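Undergrad:
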Amino acid sequence: MHLSSKAYFLAALMSGSVAYGCATREVCVKPVGDRDLTPAEVAASARGTDAVVSWGGRVIETRHLTTGTELEIIGYPLDTCGRPLTHARSLGRFLVRHQGYLEPLDYRMGREVTATGRIGEIAEGQIGDADRRFPVLDETVIRLWPERQPPGDIATRPARPWIGIGIGGGSGHVGGGIGISF
Numbered sequence: 028m029h030l031s032s033k034a035y036f037l038a039a040l041m042s043g044s045v046a047y048g049c050a051t052r053e054v055c056v057k058p059v060g061d062r063d064l065t066p067a068e069v070a071a072s073a074r075g076t077d078a079v080v081s082w083g084g085r086v087i088e089t090r091h092l093t094t095g096t097e098l099e100i101i102g103y104p105l106d107t108c109g110r111p112l113t114h115a116r117s118l119g120r121f122l123v124r125h126q127g128y129l130e131p132l133d134y135r136m137g138r139e140v141t142a143t144g145r146i147g148e149i150a151e152g153q154i155g156d157a158d159r160r161f162p163v164l165d166e167t168v169i170r171l172w173p174e175r176q177p178p179g180d181i182a183t184r185p186a187r188p189w190i191g192i193g194i195g196g197g198s199g200h201v202g203g204g205i206g207i208s209f
């Protein structure tokens with residue numbers, strides 16, 4: 028069987044399109060640690076101190092310390108790739124201590140982050156006038172998630188190319204087509 032140059036071109040284009048699709052996906056990093064161990068539970072009982080966990084949520088505040096940066100986070104459950112499910116019920120607040128500088132404009136209020144680290148001390152703090160306890164994640168690796176696009180009409184969405192490829196055959200003929208839309 029002899030393939031024509033069109034068939035080779037089509038095969039090359041398909042493999043390139045598949046590679047492009049794989050390259051544009053976000054990297055999935057599975058959360059570690061006990062998924063049932065929540066910030067609220069650790070704050071109340073100190074259970075899990077010294078355990079390594081992945082917790083995520085929305086940044087409430089970014090504070091610069093002499094030793095680095097501290098993020099106050101309101102925690103949410105994580106999906107299978109570690110992104111916070113911010114439509115779910117809160118799991119409590121926690122602090123992330125990072126050795127080094129984190130830009131407050133990047134880590135501003137409302138941004139989604141996932142931090143993997145060791146549960147250290149339980150810090151005393153306040154929410155309004157109420158005294159609260161916050162578990163602290165030390166030795167952290169922090170992932171700042173891309174901002175989600177708000178739902179809206181198509182005019183507010185960024186243009187992204189969509190590529191469709193079709194191949195068909197019958198009665199001794201092979202055909203194919205490529206469609207690109209934005």
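Residue numbering for the sequence shown follows my numbering, beginning at 28 and increasing consecutively. Glycine residues also receive a C-beta, built at the ideal position from the N, C-alpha and C atoms. Quick caveat, the model's predicted, so the values are computed rather than measured.
1. Report the rounded CA-to-CA distance for C55 versus S198, giving the unit in angstroms.
2. Could you give the distance in angstroms between the alpha-carbon of V163 and the alpha-carbon of P104?
3. Quick check on I100: buried or exposed, where buried means 16 or more other Cβ atoms within 10 Å of its Cβ?
4. Evaluate H125 with the Cβ neighbour count: other Cβ atoms within 10 Å of its Cβ, from every protein chain shown; 16 or more gives buried, anything less gives exposed.
5. Alpha carbon to alpha carbon, how far is G109 from G193?
6. Taking the alpha helix (DSSP H) that S72 belongs to, which residues open and close that run?
7. Give me the Cβ distance between G83 and P111, rounded to the nearest whole Å; I'm assuming they're in contact under 8 Å.
8. Just checking my contact of L118 with G137 at CB under 8 Å: how many whole Å lie between their CB atoms?
9. Could you tell me whether the Cβ atoms of T113 and R74 are closer together than 9 Å?
10. Near T51, which residues of its chain fall below 6 Å by C-beta distance, leaving aside the five closest residues on each side in sequence?
TA: So, to answer that:
1. 44 Å
2. 17 Å
3. buried
4. buried
5. 34 Å
6. P66 to S72
7. 4 Å
8. Rounded, the Cβ-Cβ distance is 17 Å, inconsistent with contact.
9. no
10. Residue placement at T51 is poorly supported in this model, since its pLDDT is 44, which falls under 50; the coordinates still yield a value, given next. So no residue of the chain qualifies.
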